[in-house]
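With UniProt numbering as the guide, the letters of the sequence shown map in order to residues 1 to 488.
In this text, a Cβ means the ideal position worked out from N, Cα and C, and glycines have one as well.
Taking it in order: structure first as structure tokens, then the write-up.
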Amino acid sequence: MATDGVPGENPTPPEGATDARYDYDLVVVGTGPGGQKAAIAAAKLGHKVAIIERRHMMGGVSTNTGTIPSKTLREAVMYLTGMAQREVYGASYRVKSDITMEDLFARTQHVIGREHEVIRAQLLRNHVDILSGTGSFLDPHTLGVLDDDGIRRTQVTARFVVVATGSKPHRPTTVQFDERTVLDSDGVLALERVPNSMVVVGAGIIGIEYASMFAALGTRVTVIDKRPSMLEMCDPEVAESLKFHLRDLSVSFRFGEEVSGVDSNTHGTVTRLASGKRIAADAVMYSAGRQGQTDALNLSAAGLSADSRGRISVDEQYRTDVPHIFAVGDVIGFPALAATSMDQGRLAAYHAFDEPARELQSVQPIGIYTIPEISYCGRTEAELTTEAVPYEVGVARYRELARGQIVGDSYGMLKLLVHTETRELLGVHIFGTSATDLVHIGQAIMACGGTVDYLVDTVLNYPTLSEAYKVAALDATNKIRQVARFSL
Ligand SMILES: Cc1cc2nc3c(=O)[nH]c(=O)nc-3n(C[C@H](O)[C@H](O)[C@H](O)COP(=O)(O)OP(=O)(O)OC[C@H]3O[C@@H](n4cnc5c(N)ncnc54)[C@H](O)[C@@H]3O)c2cc1C
Ligand SMILES: NC(=O)c1ccc[n+]([C@@H]2O[C@H](COP(=O)([O-])OP(=O)(O)OC[C@H]3O[C@@H](n4cnc5c(N)ncnc54)[C@H](O)[C@@H]3O)[C@@H](O)[C@H]2O)c1
């Protein structure tokens, strides 16, 4: 099998599968981030690859109903409401006063359309065959593909298979979803009007991201979660800052409350809580977790099964219990991010074809696209305290940065957690403009085992938000010095 000589160059199209018993060296099911990267990685190694996907889902949940539409919607909300500019131009500043769902979706549809083209072109120029339809196992090496009209079934054989079928919203059986007033995160993308009021059930990342978008649009949002607080994985100070912001946008929180049911009619909805409370709203959005999409796969024909949440278990090489079948992305569960799914797909392909591969770096970022956004990597203060790791905190407030004033962000902050003895960076927690981009500076330093002194001794562009690292580093080192002097 020929391999491409120059890294990144399009591989020579393979004439056939390496093993003549099979049509393909690799068949991937699902074109989300995990499936795309598995297919392209294998093709770049010179293998004959096919990918199965339903006609309207090129790019997966990520491109069609998840990451890309939600982040584009957020961008449209930020722009049209003038949210990010109000500190500069005043509280009444708006780009458009009567924002419609049409306005918001115009931008989303534009980006989704472009992404479809990019993904299709990438697959085709790497000679990956796109098989349109729903894939299911007929035996461990054979997949049936039922076309999108549900009429014609073809079949293909593969030496290796990567299952990258992703996830779908979990819908409790006790709730009647009518796709108009009682919705999940897919249904939100088909809303006809911006609701005046909305109940969000589930204060996970999806729930809080959408709660902040609708609140910015002027919707009165009530967030309900059975847990005692939201975004428990975040630094408490950061989560508290977000909560303060959301309350300012009229968001109400009902934590420690379980939803027992939702009633809906032409007037709207009433959400019933186990505590006896009833909350009226124009719409209810459920964001109470997701489950693996394995129903259509006929896993038993391959000798596989899924757990009660539709997830497939894999080893550290993303290999299932059937050694030539791999699974990646949301279908294997945590962390269920587009970011990680891509690398899982690439690594699964490398492991299948015995291509040397390194493990992923242990320091991984989390980006939460609320308004304002949150991002972090490394450990939290609570974890360090439990583990009795001596640390100091260095904080930079955007309002004290020239760039913070220029962009009109007075609430943002960056917090560094620094080991007081080794001076290593242990954690970075950011709240505010560009947090999801800025976090990568701290991540890179941490991954290289860098210390706070790197930031103290480095000149950064001015005026930038990156300067927050310098300010926080100086703050942490000043505090460490103060304690050291006291001990002398
Ligand atoms: C609202 C929302 C916002 C999100 N925001 C972010 C974010 O900001 N950052 C981030 O990193 N992650 C985010 N995520 C998570 C991210 O979208 C997922 O982790 C990611 O899409 C998972 O990728 P995947 O490769 O598992 O496949 P998916 O993107 O889930 O796609 C799976 C594909 O498989 C196809 N498929 C399923 N069964 C079959 C079959 N039998 N035959 C053929 N095809 C099949 C489906 O049609 C689908 O297209 C978000 C998710 C949601 C819902
Ligand atoms: N920016 C990002 O990276 C991003 C954005 C969106 C989604 N995602 C991914 O999507 C995944 C799923 O997100 P999610 O928010 O749907 O799920 P989740 O599991 O993170 O949160 C669901 C929440 O719903 C609550 N809940 C469940 N049933 C309830 C009930 N009956 N009454 C009240 N509360 C209830 C749970 O306590 C939980 O807090 C995330 O874990 C993440 O991996 C990532």
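Item	Value
Presumed contact (8 Å Cβ cut-off) between TYR462 and HIS419, rounded CB distance	Not confirmed; about 28 Å, so no contact.
Per DSSP, cross-strand counterpart(s) of GLN155	GLY144
Cβ-Cβ separation, VAL29 to ILE52 (assumed contact under 8 Å), whole Å	5 Å
Contact check, PRO11 vs GLY35, beta carbons under 8 Å	no
The region 309-326 in contact with the region 156-169 per 3-pair CB rule at 8 Å	yes
LEU360 CB to nearest heavy atom of ligand 1 below 7 Å	no
For MET1, the three-state DSSP class (helix, strand or coil)	Confidence is the limiting factor: at MET1 the pLDDT is only 36, short of 50, which leaves the residue's position unreliable, though a coordinate-based value still follows. Coil.
Rounded C-alpha distance that separates SER300 from VAL284	36 Å
As assigned by DSSP and simplified to three states, the class of THR340	helix
Stretch pair the region 109-129 + the region 189-207: three plus CB contacts closer than 8 Å	no
GLN317 - DSSP class collapsed to helix/strand/coil	coil
Any heavy atom of ligand 3 nearer than 6 Å to the CB - residues listed	Ligand 3 is not part of the structure shown, which contains ligand 1 and ligand 2 as its ligands.
Chain-order list of residues whose beta-carbon lies under 6 Å from that of ALA239 (same chain, five-residue window excluded)	LEU231
Nonlocal neighbours in the same chain, by C-beta distance under 6 Å from ILE371, ignoring five residues either side	SER212, ALA216
When PRO365, VAL363, ALA348 are compared against ALA357, the one with the closest alpha-carbon	ALA348
Cα-Cα separation, MET241 to ASP475	Sequence check: residue 241 is Ser here, not Met. Between SER241 and ASP475, the C-alpha separation is close to 20 Å.
Whether THR266 touches ALA281 by CB criterion (8 Å)	no
Cβ pair PRO169, ASP186 closer than 8 Å	yes
Alpha-carbon to alpha-carbon, ALA444 and TYR469	13 Å
Cβ contact (3+ pairs, closer than 8 Å) linking the region 338-346 and the region 36-45	yes
DSSP bridge partner residues for GLN291 (one or two, in chain order)	LYS168
THR134 beta carbon near ligand 1 (any heavy atom closer than 7 Å)	yes
CB-CB length for GLY378 against VAL331, believed under 8 Å	Their Cβ separation, rounded to whole angstroms, is 28 Å, which puts GLY378 and VAL331 out of contact at 8 Å.
Complete alpha helix (DSSP H) runs within the region 341-395 (minimum length 4 residues, chain order)	381-386
GLY150 CB to nearest heavy atom of ligand 1 below 7 Å	no
Within 8 Å, strictly: CB atoms of ALA306 and THR294	yes
Closest residue to GLU102 among VAL194, VAL61, VAL175 (Cα-Cα distance)	VAL194
Reduced DSSP secondary structure (H/G/I, E/B, other) of VAL6	For VAL6, the predicted structure reports a pLDDT of 48, less than 50, and the residue's modelled location is therefore unreliable. The matter cannot be settled from this model.
Heavy atom of ligand 1 within 7 Å of SER212 beta-carbon	no
According to DSSP, residues forming a beta bridge with MET285	LEU183, VAL200
Given ALA336 as reference, the closest of GLY66, GLN85, PRO228, PRO14 once Cα atoms are compared	GLY66
For ALA43 and ASP129, the rounded distance between their alpha carbons	10 Å
First and last residue of the uninterrupted beta strand (DSSP E) at SER70	Here SER70 belongs to no beta strand (DSSP E); instead the alpha helix (DSSP H) covers 67-81.
Residue(s) in a DSSP beta bridge with TYR424	Before going further, note that residue 424 is Glu rather than Tyr in the sequence given. For GLU424, which the question treats as bridged, DSSP gives the partners THR451.
Delimiting residues of the beta strand (DSSP E) encompassing ASP263	259-265
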